[in-house]
Amino acid sequence: MSGTRSTRRRVLGAVGAGAVITLAGCGDITGSDAPDYESGEIGEIDGEDRSAEEMTAAESLAEIEPNEGVTTLESLSLESHEFVMEDDYRGPTVQGTVENTGDDRIQLIEIRVRVYNDEGEQVGRYLDVGGDLDPGASWSFTVIILEPLADIDDYEVAAIGTPA
Numbered sequence: 055m056s057g058t059r060s061t062r063r064r065v066l067g068a069v070g071a072g073a074v075i076t077l078a079g080c081g082d083i084t085g086s087d088a089p090d091y092e093s094g095e096i097g098e099i100d101g102e103d104r105s106a107e108e109m110t111a112a113e114s115l116a117e118i119e120p121n122e123g124v125t126t127l128e129s130l131s132l133e134s135h136e137f138v139m140e141d142d143y144r145g146p147t148v149q150g151t152v153e154n155t156g157d158d159r160i161q162l163i164e165i166r167v168r169v170y171n172d173e174g175e176q177v178g179r180y181l182d183v184g185g186d187l188d189p190g191a192s193w194s195f196t197v198i199i200l201e202p203l204a205d206i207d208d209y210e211v212a213a214i215g216t217p218a
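Take our numbering: the final residue in the sequence shown is number 218, and no numbers are missing along the way.
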């Protein structure tokens with residue numbers, strides 16, 4: 055009987071772990087509402103990995119949890135973006151500007167950056183969140199990337215939001 059319980063526990067544990075892994079990707083918007091990601095190049099990185107203290111500071115400010123209720127908005131225009139290696143605790147970042155080209159205020163803006171290694175595998179997803187963007191206004195964003203420099207090769211960025 056104890057062999058049966060042990061086997062059941064293993065099966066239930068494996069199923070539970072599989073469900074967690076499956077649900078972990080559910081923060082992405084899919085289907086026709088999926089945002090259009092723009093590719094970005096990182097190029098040669100001139101810098102060093104963060105120290106332990108810098109990593110602690112970066113982790114406390116980096117956004118990694120996507121918001122529910124955000125969607126693709128035609129009035130949200132990604133005007134510019136680039137990889138920037140900051141010479142402080144922020145380290146590798148993607149910075150740029152997004153504009154509200156519509157007639158209505160945007161309540162919440164989320165910039166999503168997906169980071170890839172040199173084999174094209176996604177190694178991380180990071181965010182910056184802003185809000186209350188009036189029509190015609192722009193917002194400058196900075197997305198902090200926590201991956202070690204050796205692990206990042208390319209990125210993609212998208213802007214999504216929630217109308218007011």
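Note that beta-carbon positions come from the ideal geometry of N, C-alpha and C, so glycine has one too.
Checklist entry - Would you say V152 touches the ligand SAH, meaning its beta carbon is less than 6 Å from a heavy atom? => result This structure simply doesn't include the ligand SAH, nor any ligand for that matter.
Next on the checklist: Taking the alpha-carbon of G185 as reference, which of L132, E175, G150, R159 has the nearest alpha-carbon?
Outcome noted: R159
Checklist entry - Expressed to the nearest angstrom, what Euclidean distance is found between the alpha-carbon atoms of I75 and P217? => result Because the pLDDT at I75 is just 35, under 50, the model does not fix this residue reliably, and the value given afterwards should be weighed accordingly. The alpha-carbon atoms of I75 and P217 are separated by roughly 31 Å.
Next on the checklist: By the three-class DSSP mapping on this structure, what secondary structure does V74 have?
Outcome noted: Note that V74 scores a pLDDT of 35, beneath 50, so its modelled location is shaky and nothing firm can be said.
Item to check | DSSP three-state assignment for E210, whether helix, strand or coil | outcome: strand
Next on the checklist: Using 8 Å for Cβ pairs, my map puts Y209 next to I96. What's the rounded Cβ distance?
Outcome noted: 7 Å
Checklist entry - Can you check whether the CB of N154 is closer than 7 Å to the CB of A213? => result no
Checklist entry - For F137 versus V148, is the C-beta spacing smaller than 7 Å? => result Taking a C-beta distance under 7 Å as the contact criterion, F137 and V148 qualify as a contact pair.
Next on the checklist: Out of I206, D205, L181, which one is the CA nearest neighbour of T196?
Outcome noted: L181
Item to check | Per-residue DSSP class, three states only, for D205 | outcome: helix
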